[in-house]
Structures are given as structure tokens and as C-alpha cells.
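Heads up: the first sequence at position 79 corresponds to 78 in numbering that gives the first Met the number 0, and the numbers run straight through without jumps. Just so it is clear, CB atoms sit at the ideal spot from N, CA and C, and this is done for glycine as well. Only a predicted model underlies this, so the values are computations on that prediction, with no experimental measurement involved. Inspection log for the structure reproduced underneath, given as C-alpha cells.
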Amino acid sequence: MARILLFMSDFYDKVYEVVRLIPAGRVTSYGAIATFLGTAQSSRMIGWAMNNAGSQEKYVPAHRVVNRNGLLTGKHHFGSSTVMQELLEAEGITVVDDQIVDFEKHFWNPMIELDME
DNA sequence: GCATTGACGGGTT
DNA sequence: TAACCCGCCAATG
């Protein structure tokens, strides 16, 4: 599975692709994606990529991507500050004070989920 | 071209 | 525990 990603050349496309692979009701972190793509040191780029996600033709469930604390740091990029939380809660994730409850429990690790043959 | 600013993360103090 | 600092790289003025 991970092999397919290797065929994609653009870093941003990889990011969007991984994000799209996140199952509903699960979340991951920018760092996890960065690590998975082999650019762990450049986790900031993930956020930058996400900023452009909205202009992508294909939908990118950016609400399933939070920072390593499970904090909804990018919610204000959804137009409304409550959209992100509501989307997550609609998928069965509880959010309190912009913080995902049981973050580790809902955490989706691309390294594990995609690297398994 | 330089300085500043991030949807970040990890290590130090 | 929290504040702080540094690396990383693209975009912006």
C-alpha cells in the first residue's frame, strides 16, 4: 500500500492522499504524516499543505488531522470555528475545549496502517 | 534579497 | 508544568 504512495511525485499530493486515507472516526497528527512521508523534520509543511487543501479539486478531510496534542489548532481555517469540531463529533469523536478526548484511542497511524503488507 | 510568519514537533531550561 | 528555543521550508511584504 505504502508502495503506491512512492509513485506519487508531489509532496503535497502525498499529504492530501494520506489524509484522504484516514478512515472516518479516526484522526492523525501532522507529525505522523510528516514522518510517514519521510520528512519528519518538516512537519510544518504539512500544515502549509493543508492550507492549500481547500483549493484542491478533491475533498481533503483536513478535520481529521490535528497536532500531536490532539488539539484542533486549524479549526479557524474551516470558515467557521465550530465546523471542524462538529465534523469530528459527527464521526463519533468527542471534542472538549478544542481537544480530542481519548486522542490516542482514535489515533490513526499511517506508519502502521499503510506500511503493513 | 532579507525578515517575518505559520494548520508542527522535539528537546532544553 | 510551562516557557522557550531551534530546525524545517514555503509564502508573503
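Cβ contact annotation for A52 (same chain, cutoff 7 Å, sequence separation greater than five): Y15, V59, A61, in chain order. For H62, no alpha helix (DSSP H) run applies, since DSSP gives it neither H nor E. Membership of N50 in the alpha helix (DSSP H) is indicated by the continuous run 42-52. Residue burial is scored here from C-beta neighbours: W107 has at least 16 other C-beta atoms within 10 angstroms and is therefore classed as buried. Nearest in C-alpha terms to E56, of all of D12, M110, D101, K104, is D12. Distance check between K104 and each of T81, W47, V26, S79 places V26 closest, using alpha-carbon atoms only. Here the C-alpha atom of R67 lies approximately 9 Å from the C-alpha atom of F102. Straight-line spacing of the CA atoms in T93 and D9 works out to 33 Å.
DSSP places L36 outside any alpha helix (DSSP H), giving it a letter other than H or E. Linking T34 to L70 through their CA atoms gives a straight-line distance of about 19 Å.
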